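What follows is a set of notes on a single structure, which appears directly below.
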Amino acid sequence: MKQEQQKLKQLIITADDFGLSAGVNAAVEKGWLDGILTCTSLMPAGAAFKEALKIARRNPGLQVGLHLTLLQGKSVLPHAQIPDLVNEAGDFSDNPVATGMRYFFDKGLYKQLKREIEAQIQRVVDSGIPLSHIDGHLNIHLHPTVFGFLADLMPRYGITSFRLSRERLAHNLRFDTERRLGKTVERVIFGALANHARPQLKQLGIRYAGEVKGVLNSGRMTEGYLLNILDGLNEGLTELYFHPGMLPDAEITRRMPDYRHEQELAAIVSPVVRQKLRELQITVQNYRGDVKC
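Residue numbers (my numbering): 186 to 478.
What follows is the structure, encoded as C-alpha cells:
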C-alpha cells in the first residue's frame, strides 16, 4: 500500500501576483471558488494588496504565500531605508539581468536587501494571513543572494514550503515550440539555481514540489497546453503556476502585455480540465496537503 501511495500524482495549482490589481484579485477569487486553484502568492506592496487581504479572509481555505518582489514592482519599505534598491517612488528596476548582477556582486546592497525581504514577509504576517510558502516575481527568490536571506528567515517565520522553479524542457517543447532558445537558457539558469537551493531546503525541512510547470510557459498556461501536459506529469508532487486576470485591467496590461491572463483563468475553471484530472486520478491539493479535488 505504501508503495502504491508513493506513485500517486499530486498537483498544486497556484496563481501569482495576488494583490497586484483588481483584475488579478477577481481572477484569483474566481479560480478558487469556481475552479481548481488551491494556492495564491501575494505581492505585499501591490496596489490592490488591501483588497487581496479581504478576499483571503473570506476564503480561508485558499492557501496564501509570499510573492517576493525585488524587481519590476514596488517595495514595502520607503526609499529612505533602501535608497540603493528603489527610486524615490519606491520602484525597483525593471531590468532583471542588471538587477540580478547587482544583487550578486554588490555586497553593499545586502543589508538593504535583507531588510526589504523581511519587511515583505512581516507585512503579510502582520495582516493575520497565515503565510505558508514563498516564491518570487520572475523567480527572484532563487537568486543566490536572496535565497541566502530566505534560508535564514523562513524557519523564523514558520514558512514550510518553497517554489523550487525547475521544469523539464523536452516535455514543454513537445507541446509548445515557441521561444525554444529562450526556454533553453531559462532551463539552464533555473536548473542551476534550483540545484544550489535544494540541499539547504532539505536540511531545513522545507517542502518543495518535484517539478514546477509555468516556468517555461509563463503567461501562456492555456487550457490546450494544460490538457497536453497533464498526461506526462511525474509521479509525486508537481506545482502549476498561472497568471490569471480579468480584463480590462490597465496594470496587468501595462506590465504583462503579452500574457494571456483571461485564457489562463479559463484553464483554471475549465470543466474539461477538471474531468481530465479525474480520469488521470491526479489529486489537486495545496502545500499543506488539503485536497480540493
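From the three backbone atoms N, C-alpha and C, an ideal C-beta is built for every residue, glycine too. Treat the numbers as computed from the prediction; the structure is a model and nothing was measured.
In the three-state reduction of the DSSP assignment, Gly250 falls in the strand class. The Cβ atoms of Leu450 and Pro433 lie no closer than 7 angstroms to each other. Between the stretch 224-231 and the stretch 253-261, the count of Cβ pairs shorter than 8 angstroms is three or higher; the stretches touch. Counting the other CB atoms within 10 Å of its CB gives Gly417 a total below 16, which places it among the exposed residues. Spanning the alpha carbons of Arg383 and Arg359 requires a straight line of approximately 27 angstroms. A residue is called buried when at least 16 other Cβ atoms come within 10 angstroms of its Cβ; Arg348 meets this threshold and is buried. Assignment of Glu396 by DSSP, reduced to helix, strand and coil, places it in the strand class. Check the Cα spacing between Leu294 and each of Thr330, Gly216, Ser312: the tightest is with Thr330.
Just measuring C-alpha positions, the residue of Leu462, Asn244, Glu396, Gly421 sitting nearest Pro315 is Asn244. Per DSSP, reduced to three states, the secondary structure at Thr199 is strand. Under the DSSP definition of a beta bridge, Asp276 partners with Lys259.
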